[in-house]
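Working notes, structure below.
Protein chains in written order, with the working numbering: chain A, 3 to 84; chain B, -9 to 650.
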């Protein structure tokens, strides 16, 4: 399962953050923690996207898609110089 | 870059183009392989203090000290490697710097092209000599290193875009791309949408997958997608065969010349035991067959410059690199270490014909230096990716073309001009090709326009660049496509070739707001979640009572996809009419504009109204275009152009019709 892990970009609805959280980063952490004990946030995005990236298994990524406030879970893509 | 400022008219119009103080407030953010800050292109002489609004920083690394690297020209430098390292493991610091330093050269080349300072006496090994400068010499540069030896990862790219906008960049330049995907899955499209929403112009390369159709990257309508064309400069090299015939190629070779008396000539395919030996792949040439000879290699599979090393390492005296049908007559110059030239397919075939028919074939290569004034120019590069847009066929892409072939700009001190580890040379500048090179031309020009018109939106800047682009040569005839030798189409060059002096004063613009793009996403039938992913607007919902249409997006070009009548012979005479609505905003003096249309035989185009009068700057007027056409065989394409003119300005839009 670890070998199958890959990076996903998780888009969140920032306005749907539960009032129990004061920082978006904490909400992102809690959302991630709800599907994986081991995963850590690689980046938190706030200016041109709301959300974060993390290494997840496909099952964890699918589970995260159903969490409240999650807009989408997109696998990382590799881009090339032109 | 040298020559492209002249080619784009930036020098001729120097007296006419106002030098705007606000241009120096614009920071161009370049997401690429980093920067070699010691290059003179980042000299900050003559620039005032860094804009007070700038929040960026110069991140340090073992080999990158902020105090030495950043100044009033290079105002920011960051690197983003967490996503890369999460996937690929820790960066091998013996091979690449864990800092903003550019070990590749690509990022130094693109950022200096966009906004480098003027550097007199620039050249590569004597070639392309002149004063090198970016398209906006007064704009500032901030580099965001997101590309590493193993590629550029979307988690890093999105993080860099996030930070670049937070830092205060006014223009973003991305000479990279991925596969074709829906906008809500494409990190560059998402980052660019929200950058645009914050007033930032985002310019991206179209890709180098041409000349095949539908090969574009970065096709979101809020991105300016840039294809590549040639300029009026060439680096000729002359192949002289033993039978006295001459063929012209291109080369940036600068070492000891070959003897004037011909040397034995051999085809690589006849000097190998490998099935792909004709390509001069590593380890495939037999030294006893090629030693002391000129070797003809076929282009393809491995890097052009690598073939030169393969021939050299096998003892070859020189190389002729012949294009095949895949590249046709497109000639891209390389700084080979051994005497070598690239030749087009026709010349390659002729040389092979001689080589196979003469029992004792011989050749030599002479190098002609730099030639300018080459006509026709520009021509669309064969490698430049082409439309139609595979993601949204109703949006014409690329948007325009700019210089992207044999471009000289600053280079990294880590690698030689071939980029190969075996190349021991180090040069201040390098000459390379790609839509990576055309993109920063447009990014720099966007900064130039922003300086002249700080109140213009990203949509207005893009519109000005597109509607003033030219599709015909000054003497007449459409811009050619080197891939076919025939006139190119809007699927090759979009609106045409960028014309900066005209873009400064476009007369009218097709402006676009965030709301327009949200309507566009509704027209694509995106779900609320998908729209929120792209736009960060989780409270936005499409109005069920509103009829959304992609054709209503106020885009500066038109792409019309007609459905082919179904069934055998299927009622092919039925005429379909498609209507597009547009709104023009006056950014010039009051005046009356009249529409003229050049339509293809296959389609009838009606503009209503055909005359628009503007009484004041900022005034908006709408019009509708009706496109009518009978059914055509699937795959048919046709093209036209719609122009609004007040006698002084010409506001042009390409028309592209397809039948699917």
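Cβ atoms here follow ideal geometry from the backbone N, Cα and C, with glycine treated the same way.
These numbers come from a predicted model, not from an experiment.
Any C-beta of chain A under 8 Å from that of residue i
i: residue 147 of chain B; result: yes
i: residue 181 of chain B; result: yes
i: residue 668 of chain B; result: Residue 668 of chain B falls outside the range modelled here, since chain B spans only -9 to 650, and no answer is possible.
i: residue 400 of chain B; result: no
i: residue 156 of chain B; result: yes
i: residue 443 of chain B; result: no
i: residue 185 of chain B; result: yes
i: residue 96 of chain B; result: yes
i: residue 198 of chain B; result: yes
i: residue 193 of chain B; result: no
i: residue 165 of chain B; result: yes
i: residue 512 of chain B; result: no
i: residue 507 of chain B; result: no
i: residue 292 of chain B; result: no
i: residue 516 of chain B; result: no
i: residue 125 of chain B; result: no
i: residue 519 of chain B; result: yes
Contacts of residue i in chain E (Cβ-Cβ under 8 Å)
i: residue 142 of chain B; result: No chain E is present in this structure, whose protein chains are A and B.
Closer than 8 Å to chain B by CB, residue i
i: residue 30 of chain A; result: no
i: residue 16 of chain A; result: yes
i: residue 34 of chain A; result: no
i: residue 13 of chain A; result: yes
i: residue 38 of chain A; result: no
i: residue 64 of chain A; result: no
i: residue 26 of chain A; result: no
Pairwise C-alpha distance: residue j and residue i
i: residue 56 of chain A; j: residue 169 of chain B; result: 21 Å
i: residue 640 of chain B; j: residue 2 of chain B; result: 20 Å
i: residue 196 of chain B; j: residue 481 of chain B; result: 12 Å
i: residue 52 of chain A; j: residue 213 of chain B; result: 20 Å
i: residue 258 of chain B; j: residue 287 of chain B; result: 5 Å
i: residue 561 of chain B; j: residue 648 of chain B; result: Below a pLDDT of 50, predicted positions are generally treated as unreliable, and residue 561 of chain B, at 48, falls in that range; no measurement from the model is reported.
i: residue 346 of chain B; j: residue 272 of chain B; result: 24 Å
i: residue 19 of chain A; j: residue 151 of chain B; result: 23 Å
i: residue 296 of chain B; j: residue 238 of chain B; result: 22 Å
i: residue 576 of chain B; j: residue 361 of chain B; result: 42 Å
i: residue 243 of chain B; j: residue 284 of chain B; result: 15 Å
i: residue 93 of chain B; j: residue 614 of chain B; result: 52 Å
i: residue 612 of chain B; j: residue 337 of chain B; result: 53 Å
i: residue 51 of chain B; j: residue 289 of chain B; result: 39 Å
i: residue 344 of chain B; j: residue 351 of chain B; result: 7 Å
i: residue 122 of chain B; j: residue 618 of chain B; result: 49 Å
i: residue 157 of chain B; j: residue 393 of chain B; result: 29 Å
Endpoints, alpha helix (DSSP H) assigned at residue i
i: residue 392 of chain B; result: From DSSP, residue 392 of chain B is part of no alpha helix (DSSP H) but of the beta strand (DSSP E) over 390 to 393.
i: residue 309 of chain B; result: No alpha helix (DSSP H) contains residue 309 of chain B, which is instead part of the beta strand (DSSP E) from 308 to 312.
i: residue 99 of chain B; result: 96 to 105
i: residue 180 of chain B; result: 177 to 187
i: residue 254 of chain B; result: Residue 254 of chain B -> not in any alpha helix (DSSP H); beta strand (DSSP E) instead, spanning 253 to 257.
i: residue 614 of chain B; result: No alpha helix (DSSP H) contains residue 614 of chain B, which is instead part of the beta strand (DSSP E) from 610 to 620.
i: residue 451 of chain B; result: 448 to 457
i: residue 74 of chain B; result: 72 to 78
i: residue 426 of chain B; result: 425 to 442
i: residue 481 of chain B; result: 480 to 483
i: residue 25 of chain A; result: Segment: none, residue 25 of chain A is in no alpha helix (DSSP H) and carries neither H nor E.
Nearest-angstrom Cβ-Cβ length linking residue i and residue j, presumed shorter than 8 Å
i: residue 179 of chain B; j: residue -7 of chain B; result: Not really, about 33 Å apart at Cβ, beyond 8 Å.
i: residue 15 of chain A; j: residue 71 of chain A; result: 5 Å
i: residue 545 of chain B; j: residue 211 of chain B; result: 6 Å
i: residue 421 of chain B; j: residue 293 of chain B; result: Between residue 293 of chain B and residue 421 of chain B the Cβ distance is about 15 Å, and since that is not below 8 Å, they are no contact.
Start and end residues, beta strand (DSSP E) containing residue i
i: residue 62 of chain A; result: Run containing residue 62 of chain A: none in the beta strand (DSSP E); it sits in the alpha helix (DSSP H), 60 to 67.
i: residue 633 of chain B; result: 627 to 635
Please determine if the stretch 81 to 101 of chain B and the stretch 19 to 34 of chain B are in contact, where contact requires at least 3 C-beta pairs separated by less than 8 Å. Counting Cβ pairs under 8 Å, three or more are found: they touch.
For the stretch 32 to 50 of chain B and the stretch 62 to 72 of chain B, state whether three or more C-beta atom pairs, one from each stretch, are separated by less than 8 Å. As far as the Cβ criterion goes, the stretch 32 to 50 of chain B touches the stretch 62 to 72 of chain B, which means the pair count is three or higher.
Pairing CB atoms from the stretch 358 to 377 of chain B with CB atoms from the stretch 202 to 210 of chain B, are three or more of them under 8 Å? Segments in contact, yes.
Evaluate contact between the stretch 241 to 255 of chain B and the stretch 355 to 370 of chain B, counting only Cβ atoms and requiring at least three cross-stretch pairs below 8 Å. Cβ pair count under 8 Å is three or more, so yes.
Count the C-beta pairs between the stretch 510 to 526 of chain B and the stretch 538 to 557 of chain B that are closer than 8 Å, then say yes if the count reaches three, no if not. In the pairwise beta carbon analysis, the stretch 510 to 526 of chain B is classified as touching the stretch 538 to 557 of chain B: at least three pairs are separated by under 8 Å.
For the stretch 587 to 602 of chain B against the stretch 455 to 474 of chain B, are there 3 or more C-beta pairs whose distance is under 8 Å? Under the Cβ criterion (8 Å, minimum of three pairs), the stretch 587 to 602 of chain B does not count as touching the stretch 455 to 474 of chain B.
Three CB pairs or more closer than 8 Å across the stretch 329 to 344 of chain B and the stretch 310 to 317 of chain B: Enough Cβ pairs lie closer than 8 Å, so yes.
Are there three or more Cβ pairs, one per stretch, closer than 8 Å when the stretch 106 to 126 of chain B is compared with the stretch 419 to 435 of chain B? Touching, yes, given that three or more Cβ pairs across the two stretches are closer than 8 Å.
Counting beta carbon pairs with one atom in the stretch 386 to 404 of chain B and one in the stretch 99 to 114 of chain B, are three or more of them shorter than 8 Å? At 8 Å Cβ cutoff, the stretches touch.
Stretch pair the stretch 615 to 630 of chain B + the stretch 522 to 537 of chain B: three plus CB contacts closer than 8 Å: As far as the Cβ criterion goes, the stretch 615 to 630 of chain B does not touch the stretch 522 to 537 of chain B, which means the pair count is below three.
Would the stretch 217 to 229 of chain B count as touching the stretch 81 to 91 of chain B if we require 3 or more Cβ pairs under 8 Å? Result no; under three Cβ-Cβ pairs closer than 8 Å.
Quick check: the stretch 402 to 416 of chain B against the stretch 584 to 592 of chain B, are at least 3 beta-carbon pairs closer than 8 Å? Contact between the stretch 584 to 592 of chain B and the stretch 402 to 416 of chain B is absent: fewer than three C-beta pairs spanning the two stretches fall below 8 Å.
Using 8 Å as the Cβ pair cut-off and three pairs as the minimum, do the stretch 128 to 140 of chain B and the stretch 35 to 52 of chain A touch? In short, these stretches do not touch, since the Cβ pair count stays below three.
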